[in-house]
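Notes for the one structure printed next.
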Amino acid sequence: MRLLERLKAMGFLRSEKVYRAMLRVPREEFVPPPYRDLAYEDRPLPIGYGQTISAPSIVAYMTELLDPDKGMKVLEVGTGSGYQAAVLAEIVAPSDEPRSEWGHVYSIERIPELAEYARRNLERTGYADRVTVIVGDGSKGYPPEAPYDRIMVTAAAPRIPRSLEEQLAPGGRMVIPVGDSWDQTLILVVKTRDGRIIREPRLPVLFVPLIGEEGWPY
Ligand code: SAM
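Listed below in structure tokens is the structure:
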């Protein structure tokens, strides 16, 4: 597919596992019908309720930075359309691997109608058994399934929520945009095996706000 070749050439796509996952997950199934013709353009698209599905280049970049692997437990904050959750699921629970080796994706969304939209998209594309969509305030994480090997946040927080760092397993990684509407940076958070936290700024980005108790006020 031309889009993925372009993302490779631009350096957003680097690994075979992320390339294969993005090749397998049909982005057009996660885009509202009026925008389907644009599903393979490298741009964010509206999904209703003032929210967006991220551009493929940012999905590729964030997934590469997160570096998920088969069998891992992942938390995504900000389900939106469910597309990023499906890409993560295709890596931690590949369609062609036995279920006994599958990991799982927990994805939390604050807008109930979007959570329902994502559930339907994941059901139709065959990912419903690998992704659990929860309605709630993901700025506080999702304690019932913690700790997580990987956490991906797809909305911008004013600062890194303490709850999310706490719910990261030793040896875990988190990718999170931090900043206001004008100035955001994608941060890679690594928790070492002995529990130390390392935070590395990586890329200027533009995301909708993370709204919640450990995010921006409503
Ligand atoms: N990952 C999504 C996808 O693949 O379509 C795109 C996510 S969109 C850029 C950000 C999402 O974060 C929105 O759907 C928004 O409602 C959600 N959100 C914002 N604050 C939240 C919070 N505290 N908890 C959970 N979801 C939140």
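Note that my numbering has the sequence shown beginning at 329, numbered continuously upward. Glycine included, each C-beta is placed from N, C-alpha and C at the ideal position.
Could you name the residues of the same chain whose beta carbon sits closer than 6 Å to that of residue i, not counting the 5 residues immediately before and after it, in chain order?
i	result
valine 353	Ala414, Val415 and Glu418
Would you kindly check if the distance between the Cβ of residue j and the Cβ of residue i is under 9 Å?
i	j	result
glutamate 356	tyrosine 368	yes
methionine 350	alanine 388	yes
alanine 483	glycine 410	no
leucine 496	isoleucine 515	no
leucine 403	isoleucine 436	yes
glutamine 512	isoleucine 439	no
serine 509	glutamate 542	no
proline 361	proline 374	no
proline 471	alanine 485	no
By Cβ distance, which residues of its chain are closer than 7 Å to residue i, with the 5 residues on each side in sequence left out?
i	result
glycine 523	Pro498
asparagine 449	Glu357, Phe358, Ser409 and Gly410
proline 529	Thr513 and Ile515
In this structure, how does DSSP classify residue i when only helix, strand and coil are distinguished?
i	result
isoleucine 386	helix
proline 422	coil
alanine 413	helix
tyrosine 476	strand
lysine 557	Since the first residue of the chain shown is 329 and the last is 546, residue 557 is not available in this structure.
methionine 338	coil
threonine 391	helix
serine 343	coil
tyrosine 434	strand
leucine 351	helix
leucine 496	strand
State yes or no: is the C-beta of residue i nearer than 8 Å to some heavy atom of ligand 1?
i	result
aspartate 370	no
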